[in-house]
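Asks: Input: one structure, supplied below.
Numbering (the numbering used here), first residue to last: 166 to 395.
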């Protein structure tokens, strides 16, 4: 890392599991759903929450469906309501002090800040607002808003658009993410300096069993290590 001597003008971040732990969003959504389900089944919200979390840890797919397998409810209706509540809830999540400090540091260095994030716009914007990230950012791109899921990473389009919006060249940007399957391949092709946040508590695998084009230029263990690059 000490050999990095480039003059950067912007730091672009992924959102989930990079700027905050995505499991916090999952727990927030499960709490909302648990209160709803307590009106449908004979179980207290806390117990429902614990069961949802356990099912999620075992297998992230069809969690609500699996929970309701043993209950006499109209599953189609109830599950749809659970999904809607989860996706659209305003999350109880906060930005860690370390992240706040590094974002302030970047701004003090007069660098621009951007975020590129995949996901349904309603949910992603609720996260962004709850974390109060707008006050740090010069531009935020929720990739689905560019025209659907085909614009999600690893598409090059959101990266190109971000460079255009920030009025910088690729070589002047750092991109920080946590998922080598999709975060870095497009950025590498464009000439953006890529950094992987080694998040051992993230929801998705950070396997490096990928070809070199998928891998970030460097890996950091804390977001605060960005200081050493700028």
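Every residue gets a Cβ at the ideal spot worked out from N, C-alpha and C, and that includes glycine. Remember, it's a predicted structure, so these values are computed and weren't measured experimentally.
1) Should residue 398 be labelled buried (16 or more other beta-carbon atoms within 10 Å of its own) or exposed?
2) Just to confirm my understanding: we take residue 234, look at its own chain, exclude 5 residues before and 5 after, and list those with CB closer than 8 Å. What are they?
3) How big is the Cα-Cα spacing for residue 182 and residue 236?
4) Count the other CB atoms, across all protein chains shown, that sit within 10 Å of the CB of residue 340; report buried if there are 16 or more and exposed otherwise.
5) Compare the beta carbon distance of residue 243 and residue 391 with 8 Å and say whether it is the shorter of the two.
6) Would residue 348 and residue 356 be called neighbours here (beta carbons separated by less than 8 Å)?
7) So, under 8 Å CB-CB, residue 379 and residue 346 are touching, yes? Tell me the CB distance rounded to an integer number of Å.
8) For the beta strand (DSSP E) containing residue 340, name the first residue and the last one.
9) Which of the three DSSP states, helix, strand or coil, is assigned to residue 173?
10) On the DSSP bridge list, what partners appear for residue 192?
11) Does the distance from the C-beta atom of residue 180 to that of residue 248 stay below 8 Å?
12) Name the one or two DSSP bridge partners that residue 178 has.
13) Pick helix, strand or coil for residue 118, following the three-state DSSP scheme.
14) Of the residues 320, 359 and 317, which one's Cα is nearest the Cα of residue 336?
15) In the DSSP output, which residue or residues are listed as bridge partners for residue 383?
16) To test your reading of the DSSP string, which unbroken alpha helix (DSSP H) runs of 4 or more residues are found completely within the region 214-256?
17) Specify the secondary structure class of residue 333 as computed by DSSP and reduced to three states.
18) So what's residue 112 in DSSP terms, helix, strand or just coil?
19) Quick one: give me the first and last residue of the alpha helix (DSSP H) that residue 350 is part of.
20) Over the uninterrupted alpha helix (DSSP H) stretch that includes residue 264, give me the two end residues.
21) Would you give the residue range spanned by the alpha helix (DSSP H) that residue 293 belongs to?
22) Tell me whether residue 197 is buried or exposed, calling it buried when 16 or more other Cβ atoms sit within 10 Å of its Cβ.
23) For residue 387 and residue 185, what's the separation of their Cα atoms in angstroms?
Replies: According to the structure shown:
1) Because residue 398 is not part of the residues shown, which for the chain are 166 to 395, the question remains open.
2) none
3) 34 Å
4) buried
5) no
6) In this structure, residue 348 lies away from residue 356, with their beta-carbon atoms at least 8 Å apart.
7) 7 Å
8) 338-342
9) coil
10) BP columns for residue 192 are empty, so no partner.
11) no
12) 280 and 341
13) Here the chain has residues from 166 to 395 only, and residue 118 is not among them.
14) 359
15) Bridge partners of residue 383 according to DSSP: 360.
16) 228-232 and 240-253
17) coil
18) Lying before the first or after the last residue shown, residue 112 is absent from the chain, which here runs from 166 to 395.
19) Unbroken alpha helix (DSSP H) run through residue 350: 350-355.
20) 262-273
21) Annotation: the continuous alpha helix (DSSP H) that includes residue 293 extends over 286-295.
22) buried
23) Computed Cα separation, rounded: 12 Å.
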